[in-house]
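Protein chains in written order, with this note's numbering: chain C, 1 to 180; chain Y, 1 to 180.
2 protein chains.
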Amino acid sequence: MVRKNSSRTGGLEPASDAKARRVPMRDFARSLPMSLLRAREAVMRQFRPSLRSHGLTEQQWRILRALAAVDAIEVTELARMAFLLGPSLSRILRDLEASHLIERKLAKADLRRSVVSISAKGLRLIEAVAPSSEAIYAAITRRYGARKLAELQDMLHELERSLSELRVAEDQSAESGEFE
Amino acid sequence: MVRKNSSRTGGLEPASDAKARRVPMRDFARSLPMSLLRAREAVMRQFRPSLRSHGLTEQQWRILRALAAVDAIEVTELARMAFLLGPSLSRILRDLEASHLIERKLAKADLRRSVVSISAKGLRLIEAVAPSSEAIYAAITRRYGARKLAELQDMLHELERSLSELRVAEDQSAESGEFE
DNA sequence: GAAATATGATTAACATGTTAAATGAAATCG
DNA sequence: CGATTTCATTTAACATGTTAATCATATTTC
C-alpha cells in the first residue's frame, strides 16, 4: 500500500521531461519531523542573537542553566538534564572549564565519575543573560497565547511519552512489519 | 522581576554547601525549546535506524524526498524546501552528486544558479526506503492518534506563523526591552 | 559601458550531532 | 585475588549547524 508507482524512468534527461511529481508520498514538507524542526527553529531564532551577544551557544546556555538549578551534579546526570549526548557534553565541559564558567572535580567514592558545578563567574553570566532571555520568552508567550502554549507543551510531552513505548524497528527488511 | 537572588557566593567550595536551587528561573527542563527538541528526538529516533541501514542521514533523506517531488529545482529553492542552510546543503549536494544519487547542471539563463534533480539511482533508493519509512510513520500515527497528530501539527504551524511576525531583538542591552 | 553594488553558491572556521572505539576504574566471577 | 566484565567518561571520525568570508556572475548606477 506504499509503493505507489514504480516509475523507472530509465536514463532520461532529468530536466526536460514531465513536471509532474514523481514519488509524492506523504507531502514531505508537512511531515511531523519537519513541523517540529521548523517550530523549534522559529523559537530558537528569537533567542540566538541574545545568547550570541554574550558569547554563548544554545547548548552552553542549556548546561549553565542546568547547573544553576543544582548544587553539583555528575556528568551523566547532567547529560540527561541538558539533553545532550556524552561526546557533545564532554567537549563543551572542557571549553566551559577553560573559560572558568564551571568547576569540575572527581567523585571521591568512584574515580570514574566527575562532579560538575557552576562557578561564581558562571552565575554572574547567567544573571546577565537571564533578563533578556525571560523577556523573549514572555514575548513568545504573549504572541502565541499562554493557554495555547501550555496545551502545546502537554501535547509534545504526550508525544514523547507515547513514542517511548514504541520499540524502534532495527532491520525492518527482516521483519514482517507489524508490531503490536 | 527576574534577578531573583544575587547570591554572589564568593569563592566557596562548590559542592559542600547548600543543596537548594540557586537560580531557578522558568523550570528549565520544561521550556518550549526543550519540549520541542525532546519531541523531535523521540520521533527521529524511530526513523534513524531505517535510514542508516540504507546509508542515509536524515538530511540526505530530506533532500532526496524534496527532489523526488519535483522535476528539477534550483539550489536556493531546495534549501527552502528541505529547510537546510546553504552551507549544509552545499556539502551534502557535493556528496550526493559523487554518489550519483542526484544530478546537477548550470542554469542557462543565469550562470550563478545551478539546477538539481534526482537521478534514477536516487529514485530507486527512495523506493527502497519508503516502505519502512511509511510503516514507521503509520506506527507513530496509530500510537499517538491521528486526530491528535493533526491537531499538534496545526498548533506547531501556528506557532511558527505567529513567531514569524516577532522581530528578533538584536542588542537587547541597548533597548528598553519593550516591543509592541 | 565601466565601476559599484547585489545576488547565488561555495568555502572557511568553529561548534555540535552521531556512532564507534578507547581509556580508566569499579564490580563481578571463578 | 586475578581475570573478566561492566560502567563512566573521553577521544575519534565523520556529518551537519551556524556565521562570516569568498568567488563568480548579474544587475544597477552614473
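Here a beta-carbon is modelled for each residue, glycine too, at the ideal position from N, C-alpha and C.
- Taken in chain order, the members of the segment 82-94 of chain Y whose beta-carbon sits within less than 8 angstroms of a beta-carbon on chain C are 83.
- Annotation: residue 56(Y) to residue 43(Y) spans about 17 angstroms, alpha carbon to alpha carbon.
- For the set 74(Y), 125(Y), 90(Y) and 99(Y), the Cα lying nearest the Cα of residue 110(Y) is the one of 74(Y).
- Using a Cβ-Cβ distance cut-off of 8 angstroms, the segment 81-95 of chain C and the segment 46-63 of chain C are in contact, since at least three pairs of beta carbons, one from each stretch, lie closer than that value.
- DSSP places residue 90(C) within a helical segment (H, G or I) once states are collapsed to three.
- The residues 100, 101, 102 and 103, in chain order, have a CB closer than 7 angstroms to that of residue 119(Y) in the same chain once the five nearest residues on each side in sequence are set aside.
- Proximity of residue 157(C) to chain Y, defined by a Cβ-Cβ separation below 8 angstroms, is satisfied.
- A Cβ-Cβ distance of about 7 angstroms is found for the pair residue 116(Y) and residue 72(Y), placing them in contact under the 8 angstroms criterion.
- For residue 105(Y), the beta-bridge partners assigned by DSSP are 115(Y).
- Nearest C-alpha to residue 89(Y) among 47(Y), 136(Y), 66(Y) and 51(Y): 66(Y).
- Between the alpha carbons of residue 35(Y) and residue 157(Y) lies a gap of roughly 16 angstroms.
- The C-beta of residue 33(C) has 16 or more other C-beta atoms within 10 Å across all chains shown, which makes the residue buried.
- About 7 angstroms separates the CB atoms of residue 123(Y) and residue 68(Y); that is less than 8 angstroms, so the two are in contact.
- As a beta-bridge residue in DSSP terms, residue 73(Y) pairs with 116(Y).
- Annotation: the continuous alpha helix (DSSP H) that includes residue 47(C) extends over 32-53.
- A distance of 8 angstroms or more separates the beta carbons of residue 125(C) and residue 78(C).
- Residue-level contact by beta carbon fails for residue 60(C) and chain Y, as no gap is shorter than 8 angstroms.
- Burial check for residue 40(C): the Cβ neighbour count within 10 Å reaches 16 or more, so the residue is buried.
- The beta carbon of residue 114(Y) sits no closer than 8 angstroms to any beta carbon of chain C.
- Here residue 31(C) is buried: its Cβ has 16 or more other Cβ atoms, across all protein chains shown, within 10 Å.
- Closest by C-alpha distance to residue 140(Y), out of 47(Y), 159(Y), 38(Y) and 27(Y), is 47(Y).
- No Cβ-Cβ contact shorter than 8 angstroms links residue 152(Y) with residue 143(C).
- Taking 9 angstroms as the upper bound on Cβ-Cβ separation, chain Y lies near residues 131, 132, 133, 134, 135, 136, 137, 139, 140, 141, 142, 143, 144 and 145 of the segment 131-145 of chain C.
- When the alpha-carbon of residue 166(C) is set against those of 45(Y), 28(Y) and 37(Y), the nearest one is in 45(Y).
- No Cβ of chain Y is located within less than 8 angstroms of the beta carbon of residue 77(C).
- Setting aside the 5 residues that flank it on each side, residue 54(Y) is surrounded in the same chain by 129, each with a C-beta closer than 6 angstroms to its C-beta; the list follows chain order.
- When Cβ-Cβ separations below 8 angstroms define contact, residue 38(Y) makes contact with chain C.
- The C-alpha of residue 148(C) is placed about 31 angstroms away from the C-alpha of residue 135(Y).
- Sequence-distant partners of residue 50(Y) (beyond 5 residues in either direction) whose C-beta falls short of 8 angstroms from its own C-beta, in its chain, are 129, 132, 133 and 136.
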